[in-house]
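2 protein chains.
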Amino acid sequence: METKPNNVTKIPGSVIRRLPKYLVQAKRLRQEGIEWVSSDVLADTLALTPSTVRQDISHIDFHGISKRGYSTAGLETVLARTLGADQESVCVVIGAGNLGRALAIHEEFARQGFRICEVFDNNPAVIGKKVGRFMVQDMSELPNIVGRLKVMIGIVAVPHDAAQAVADRLVMAGVRGLLNMTTAHITVPERVALVDARIIASLRELAYAVKVNERPS
Amino acid sequence: METKPNNVTKIPGSVIRRLPKYLVQAKRLRQEGIEWVSSDVLADTLALTPSTVRQDISHIDFHGISKRGYSTAGLETVLARTLGADQESVCVVIGAGNLGRALAIHEEFARQGFRICEVFDNNPAVIGKKVGRFMVQDMSELPNIVGRLKVMIGIVAVPHDAAQAVADRLVMAGVRGLLNMTTAHITVPERVALVDARIIASLRELAYAVKVNERPS
DNA sequence: TAGATTGTTAATCGATTAACAATC
DNA sequence: TAGATTGTTAATCGATTAACAATC
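First to last, the protein sequences are chains A and B.
Just remember that our numbering sits 36 ahead of the position in the first sequence, which is counted from 1.
Just remember that our numbering sits 36 ahead of the position in the second sequence, which is counted from 1.
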C-alpha cells in the first residue's frame, strides 16, 4: 500500500503562499453557514483562475466532490492541518523597539496560533521593563528560554545592522524558523527556515506601482 | 531618437520585488567606502545567481562597466529613483489598534521615505486620543485629509472583517495604493495598487517549512 | 439521466539560468 | 595586451492556464 504523498512531499512555495488565503476563505464561508464552495467561486473571490485553485488543492490531502465542490469545513480542517495552523507555534520577539513591542502585544498573532512567549533586547535601559504582559529579557537568556519553552520561531525586529548577529544567536539557541522584519539580508543554515516580512519592500513596490500607474502609456 | 525604455516600460513584479534588496546592498557598500561591486558578489550576498542580478539591473536605466562591475553610488541613486525611494511618499494608517499604533510610531518608515501624516479610526473611544505625535482622526475626515495632504498610500491595519470597507473608503478618498496588513482578501479598482503585507501568511509559511524540515525524507 | 464540477494531463507562459560575444 | 565582467541571447525550468475525461 502506497503512502499518500500529500503530507510528505514538499508543497512548492508558490502554492504554500496561496494556501493561507484559501484557509481564510474556507473559514469565513463556513462561519457564514455556506457548506460548499466551487473552484470557480474561490477563484473569483481571490482573483485566481479555477485551474490554479484546483491544482493548489490537489497538493493537500483533501478531495472535492463533483457537482458540489469543496466542503468548506473539510477544506478549513485539512488546510489548517497542512499548514500547522491547528497547533500553536511558540515564538520569541527580538527587539523591544516600537515594532518589536507592537508585535509582542498585537493580539492577532495569538489568535492565529502564534504564541509569543518572551521579548528580548540587549539594551540595559529596556531590559526588565514591561511590554504588555512581558518583561523584556536579556539576550543572554535566549538559549535557556528557547530550550525550555521549545521556541520554534524567532521574530527579528532589531535595527538593520544588528539583524544578522541576532539571527545567528537565534539559530545557535535552536530556533527552527526566522521571520525577518528588517530590510537586511539574513543568511541561515539550511536546516533553519527564513522568511522576509518585507514591509518596507512592499511599500516600495506600492510606490513604484503608483508611479507607473500615473502615466499609463 | 528612441526613448530609453527603462523608466517607461513596466518592470516585471518578480524583478521589482528584488530591487529593494539591491538598493539596501548598494547603500551599505557605498557607506562602507566600497565603490564597485560585481554581479557575482551581489549574487553571493543575496543568494541569487549572477545572471539574475545582471538581468534585473538591465531593467533599470543604469549600466555597469566591464571588468569593474557596478558603481555602488550609481546603483543606489538609480535604484532609488526607479523605485521612487528618492521622494517622500505620504501615507495614512487606518486603525489605531496595537498594530496601527505601532506602525504609526515606528521611525523606520519615515527614515525610508514613507511619511505617515495621520492615523484614523472609527471608534469614538479612541478618536481624539494621542498616538505618539498623532491625534487619532475620525474616518469621516479621510477624504479631506487625503485631498489636502496628497496622501498616496493607505495602510489598512483594522480587524479582518472591516478591511474591505476601509479599502473602499480609502479608494473613494483618492488614495493611489493600499498596503493590506490584514488576512482578508481586498479588491480594488485597477487604477489603485494593492500589496498584501502577509505577516500572518509568512508565519504560516515558516511553520510549514519547520514542519517539513523536521522529517526531511 | 443530464449536467456541473472535480482531478489531471498537456500546452502555454514567464522567470531563471547558462553561455558567450562585446568591451573596458 | 590579457583577462575580467558586463549585457544579451538562447536554453531550461517551473508555474499557470486550458482542456477534457472521469464522476457524482
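Glycine included, every Cβ here is placed at the ideal spot set by N, Cα and C.
Quick caveat, the model's predicted, so the values are computed rather than measured.
CB residue i to CB residue j, shorter than 8 Å?
| i | j | result |
| --- | --- | --- |
| LEU242(B) | GLY213(A) | yes |
| LYS63(B) | GLU112(B) | yes |
| ALA140(B) | ILE152(B) | yes |
| ALA14(A) | ALA245(B) | With chain A covering 37 to 253 only, the question about residue 14(A) has no answer from this structure. |
| LEU215(A) | SER238(B) | yes |
| GLY136(B) | VAL155(B) | yes |
| ARG240(B) | ALA79(A) | no |
| ALA256(A) | ALA138(B) | Examination of residue 256(A) is not possible in this model, given that chain A is present from 37 through 253 alone. |
| HIS196(B) | ALA220(B) | yes |
| ILE96(A) | LEU115(A) | yes |
| LEU82(B) | GLN61(B) | yes |
| ALA199(A) | ILE222(A) | yes |
| VAL182(A) | ALA203(A) | no |
| LEU59(B) | ASP92(B) | no |
| VAL248(B) | LYS46(A) | yes |
Return the bridge partner residues of residue i from the DSSP annotation.
| i | result |
| --- | --- |
| GLY105(B) | ILE101(B) |
| ASN159(B) | Beta-bridge pairing links ASN159(B) to no other residue. |
| GLY232(A) | Note on residue identity: the sequence assigns Asp, not Gly, to residue 232(A). ASN216(A), per the DSSP bridge assignment. |
| GLU154(A) | VAL128(A) |
| VAL73(A) | TYR106(A) |
Under a three-way DSSP split, which group does residue i fall into?
| i | result |
| --- | --- |
| GLU124(B) | coil |
| GLN173(A) | strand |
| ASN42(A) | Note that ASN42(A) has pLDDT 43, beneath the 50 cutoff, so the model's placement of it is unreliable and the number below is only indicative. Three-state DSSP puts ASN42(A) in coil, outside helix and strand. |
| ILE191(B) | strand |
| LYS166(A) | strand |
| LEU214(B) | strand |
| GLY133(B) | coil |
| ILE93(A) | helix |
| HIS221(B) | coil |
| MET37(B) | Confidence is the limiting factor: at MET37(B) the pLDDT is only 33, short of 50, which leaves the residue's position unreliable and the question unanswerable from this model. |
| ILE47(A) | coil |
| GLY149(A) | coil |
| GLU143(A) | helix |
| GLU241(B) | helix |
| GLU250(B) | helix |
| THR88(A) | helix |
| GLN200(A) | helix |
| GLU311(B) | Residue 311(B) lies beyond the range of chain B shown here (37 to 253); nothing can be said about it. |
| ARG184(A) | helix |
| ARG64(A) | helix |
| ARG227(B) | coil |
| ALA83(A) | coil |
| ARG54(A) | coil |
Can you list the residues of chain A that residue i reaches, using a CB-CB cut of under 7 Å?
| i | result |
| --- | --- |
| SER238(B) | LEU215, VAL231 and ALA233 |
| PHE150(B) | LEU239 |
| ALA146(B) | The premise fails here: ALA146(B) is roughly 11 Å from chain A at the closest Cβ pair, so nothing lies under 7 Å. |
| ARG117(B) | Per Cβ cutoff of 7 Å: no residues; ARG117(B) is ~10 Å from chain A at best. |
For a contact meaning CB atoms closer than 9 Å, what does residue i contact in chain A?
| i | result |
| --- | --- |
| GLN173(B) | Correct list: empty, because the minimum Cβ distance to chain A is about 20 Å. |
| ILE189(B) | LEU239, LEU242, ALA243 and VAL246 |
| HIS99(B) | The premise fails here: HIS99(B) is roughly 20 Å from chain A at the closest Cβ pair, so nothing lies under 9 Å. |
| ARG104(B) | Neighbours of ARG104(B) on chain A: none; closest Cβ ~23 Å, over 9 Å. |
I want to verify the contact list: residues of chain B whose CB lies under 8 Å from the CB of residue i, in sequence order.
| i | result |
| --- | --- |
| LYS46(A) | VAL248 |
| ALA121(A) | ARG240 and ALA243 |
| ARG137(A) | ALA138 |
| ARG227(A) | ASN249 |
Strictly below 7 Å CB to CB, what residues from chain B border residue i?
| i | result |
| --- | --- |
| SER50(A) | Within 7 Å Cβ-Cβ: nothing; SER50(A) doesn't reach chain B, min ~11 Å. |
| VAL114(A) | Here the premise fails: no neighbours, minimum Cβ distance about 13 Å. |
Against residue i, what residues of chain A qualify as contacts under a CB-to-CB distance less than 8 Å, listed in chain order?
| i | result |
| --- | --- |
| ILE141(B) | ASN134 |
| VAL202(B) | By Cβ distance, chain A contributes nothing, its closest Cβ being about 16 Å from VAL202(B), past 8 Å. |
Can you pull the chain B residues whose beta carbon is under 9 Å from the beta carbon of residue i, in chain order?
| i | result |
| --- | --- |
| LYS57(A) | THR219, HIS221, ASP232 and ALA237 |
| THR81(A) | HIS221 and THR223 |
### Task
Tell me, please, whether the region 68–84 of chain A touches the region 100–110 of chain A by the rule of three or more beta-carbon pairs shorter than 8 Å.
The region 68–84 of chain A makes contact with the region 100–110 of chain A; the number of CB pairs closer than 8 Å reaches 3 or more.
### the region 117–127 of chain B / the region 178–192 of chain B touching (three or more Cβ pairs under 8 Å)
Verdict: yes, contact present.
### Message
Could you check whether the region 195–215 of chain B touches the region 170–178 of chain A, counting it as contact only if at least three pairs of C-beta atoms, one from each stretch, sit closer than 8 Å?
### Response
With the cut-off at 8 Å, the region 195–215 of chain B and the region 170–178 of chain A do not touch.
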